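Student: Protein chains in written order, with the working numbering: chain A, 27 to 190; chain B, 27 to 190. Heads up, the beta-carbon is just placed ideally off N, CA and C, and yes, glycines get one too. Just so you know, these numbers come straight off a predicted model, no measurement behind them.
2 protein chains.
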Amino acid sequence: MAAAALVELAERLQGICVGRGLTVATAESCTGGLIAEAITSVPGSSAYFLGGVVSYADAVKAAVLGVPDSVLAAHGAVSAQVALAMASGGRERLGATLCVSTTGIAGPDGGSEAKPVGLTYVGLAWAGGTDVRKLVFAGDRAANRDSAARAALDWLVELAGGAS
Amino acid sequence: MAAAALVELAERLQGICVGRGLTVATAESCTGGLIAEAITSVPGSSAYFLGGVVSYADAVKAAVLGVPDSVLAAHGAVSAQVALAMASGGRERLGATLCVSTTGIAGPDGGSEAKPVGLTYVGLAWAGGTDVRKLVFAGDRAANRDSAARAALDWLVELAGGAS
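1) Measuring only the C-alpha atoms, how far is residue 42/A from residue 180/A?
2) Alpha carbons only, please: which of 154/A, 146/A, 153/A and 171/A is nearest the one belonging to residue 161/A?
3) Checking 8 Å against the spacing of the C-beta atoms, do residue 119/B and residue 89/A come in under that value?
4) Whose C-alpha, out of 83/A, 37/A and 73/A, is nearest the C-alpha of residue 61/A?
5) Given residue 30/B, which residues of its chain have a CB within under 8 Å of its CB, disregarding the five upstream and five downstream residues?
6) Any C-beta of chain A within less than 7 Å: which residues of the region 80 to 112 of chain B qualify?
7) Does chain A have any CB closer than 8 Å to the CB of residue 186/B?
8) Report the residue from 124/A, 103/A and 68/A whose alpha carbon sits nearest the alpha carbon of residue 157/A.
9) What are the start and end residues of each continuous beta strand (DSSP E) run of 3 or more residues lying completely inside the region 74 to 130 of chain B, in chain order?
10) Check each candidate in 58/A, 64/A and 96/A and name the one with the smallest Cα separation from residue 79/B.
11) What did DSSP end up calling residue 190/A once you bin it into helix, strand or coil?
12) So with Cβ pairs under 8 Å, would you call residue 157/B a contact of chain A?
13) Residues in the region 164 to 185 of chain A with C-beta within 9 Å of chain B's C-beta atoms, listed in sequence order?
14) So, do the region 44 to 58 of chain A and the region 66 to 82 of chain A have three or more beta carbon pairs nearer to each other than 8 Å?
15) State the DSSP-derived secondary structure class of residue 66/A, mapped to helix, strand or coil.
16) Should residue 140/A go down as buried or exposed, given a rule of 16 or more other Cβ atoms within 10 Å for buried?
17) Residue 172/A: buried (16+ other C-beta within 10 angstroms of its C-beta) or exposed?
18) Hey, how far is the Cα of residue 170/B from the Cα of residue 77/B?
19) Decide if residue 28/B is buried, meaning its Cβ has at least 16 other Cβ atoms within 10 Å, or exposed.
20) Quick check on this structure: which residue in 184/A, 50/A and 54/A has the alpha carbon closest to the alpha carbon of residue 104/A?
21) Using the Cβ count rule (16 or more neighbours within 10 Å means buried), how would you classify residue 96/B?
22) Is any beta-carbon of chain B found at less than 8 Å from that of residue 62/A?
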């Protein structure tokens with residue numbers, strides 16, 4: 027089960043989205059389902075959460091979320107461009123008001139000088155556009171995943187609660 | 027984070043699948059990402075886990091997993107037929123050797139006399155066919171989700187470890 031802080035954020039998100047009639051979808055890579063799990067741990071979440079995709083393999087990012095192969099080839103899976111494409115693809119294919127995405131290197135393996143362990147991109151897509159945030163976490167695999175999920179939920183709460 | 031028992035099952039599954047060259051996908055409804063989260067909490071899981079779909083809304087079961095609207099209408103989302111269609115649709119769309127699905131009523135709301143809280147179907151699809159198991163859990167929402175995820179991982183381990 028998701029950590030208490032994630033569940034608390036999910037409860038806030040649910041309150042805002044249900045009140046405003048917003049729906050949410052997720053497109054996760056490095057968080058591996060942690061965001062969807064936190065959201066759906068809250069009773070009544072089916073009132074606003076439509077679903078999510080955990081696109082661990084690049085082929086799933088392409089086939090299920092519609093991330094162009096050319097974008098994956100040019101920038102790599104852990105990139106701002108792929109985070110944006112995951113968020114807009116997820117939003118479109120799942121038909122949600124908002125879609126958040128995560129792609130990063132949770133560790134312990136897979137890091138490089140250019141893309142170290144902890145590097146994470148969080149993307150967000152809504153009716154008005156898309157945006158991406160670059161974050162670098164310094165924890166172990168579990169902590170990096172938790173931090174990425176928290177950043178994603180924080181941003182969803184911020185956007186859903188703002189002028190939309 | 028997933029409970030220790032789930033992570034232990036995920037570690038066993040990873041050992042078997044990596045050793046045998048099998049890939050896994052998930053198609054979750056009532057477990058809401060818990061299975062994918064447990065699987066990806068293990069370092070190195072990207073070697074065999076391709077990804078998953080959390081299809082909370084019926085529209086996502088249809089659009090992303092290819093569950094026929096007619097099957098959803100005839101049997102309801104919590105049914106053996108939908109569990110089977112989710113597993114085979116997930117297997118095909120994500121291109122995995124094995125795909126497990128869950129659909130059930132985690133509670134506290136949503137139960138009826140015919141489909142009480144705790145009723146859960148777990149589906150499995152592999153090259154040779156599909157199968158489904160009907161289970162009824164008596165816990166609260168968190169316990170029912172955990173039990174369903176455990177049943178799904180148990181079955182994956184059983185099938186992956188058997189003659190395949």
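Tutor: Looking at the coordinates:
1) The residue given as residue 42/A occupies position 16 in the first sequence. The residue given as residue 180/A occupies position 154 in the first sequence. Per the coordinates, the alpha-carbon of residue 42/A lies some 12 Å from the alpha-carbon of residue 180/A.
2) Along the first sequence, one-based indexing puts residue 161/A at 135. Considering only alpha carbons, the answer is 146/A.
3) Mapped onto the second sequence, residue 119/B falls at position 93. Mapped onto the first sequence, residue 89/A falls at position 63. Note that the C-beta distance between residue 119/B and residue 89/A is below 8 Å.
4) Numbered from 1 along the first sequence, position 35 holds the residue referred to as residue 61/A. The option with the nearest alpha carbon to residue 61/A is 37/A.
5) Working through the second sequence from its first residue, we reach residue 30/B at position 4. Cβ neighbours of residue 30/B beyond the five flanking positions: none.
6) For the region 80 to 112 of chain B, which is checked against every Cβ of chain A, the residues closer than 7 Å are 80, 81, 82, 83, 85, 86, 89 and 90.
7) The residue labelled residue 186/B in the question sits at position 160 within the second sequence. Nearest CB-CB separation between residue 186/B and chain A: not below the 8 Å threshold.
8) Here the question's residue 157/A lines up with position 131 in the first sequence. Answer by Cα proximity: 124/A.
9) At a cut-off of 3 residues, the continuous stretches assigned as beta strand (DSSP E) that sit fully inside the region 74 to 130 of chain B are 75 to 81 and 124 to 130.
10) Numbered from its first residue, the second sequence carries residue 79/B at position 53. Closest by C-alpha distance to residue 79/B, out of 58/A, 64/A and 96/A, is 58/A.
11) Residue 190/A sits at position 164 when you count from the first residue of the first sequence. Note that residue 190/A scores 48 on pLDDT, short of 50, meaning its location in the model is unreliable; the coordinates nonetheless yield the value given after this. Coil, per DSSP.
12) The sequence position of residue 157/B within the second sequence is 131, counting from 1. No, residue 157/B lies away from the interface with chain A (no Cβ there is under 8 Å from its Cβ).
13) Under the 9 Å Cβ criterion, the region 164 to 185 of chain A contributes 167, 168, 171 and 172.
14) They touch, by the three-pair rule.
15) The sequence position of residue 66/A within the first sequence is 40, counting from 1. Here residue 66/A sits in helix by DSSP.
16) The residue given as residue 140/A occupies position 114 in the first sequence. Answer is exposed; the Cβ neighbour count stays below 16.
17) Start at 1 with the first residue of the first sequence, and residue 172/A comes out as number 146. By the neighbour-count rule (16 or more Cβ atoms within 10 Å), residue 172/A is buried.
18) For the purposes of this step, residue 170/B is taken as the residue at position 144 of the second sequence. For the purposes of this step, residue 77/B is taken as the residue at position 51 of the second sequence. Their backbone Cα atoms lie some 23 Å apart in a straight line.
19) Sequence index remark: in the second sequence, residue 28/B carries index 2 (1-based). Around the CB of residue 28/B, 16 or more other CB atoms lie within 10 Å, so the residue is classed as buried.
20) In the first sequence, the residue the question calls residue 104/A occupies position 78. Ranking 184/A, 50/A and 54/A by Cα distance to residue 104/A puts 54/A first.
21) Indexing the second sequence from 1 puts residue 96/B at position 70. Per the 10 Å Cβ criterion, exposed.
22) Here residue 62/A corresponds to residue number 36 of the first sequence, with the count starting at 1. Closer than 8 Å to some Cβ of chain B, the Cβ of residue 62/A qualifies, so yes.
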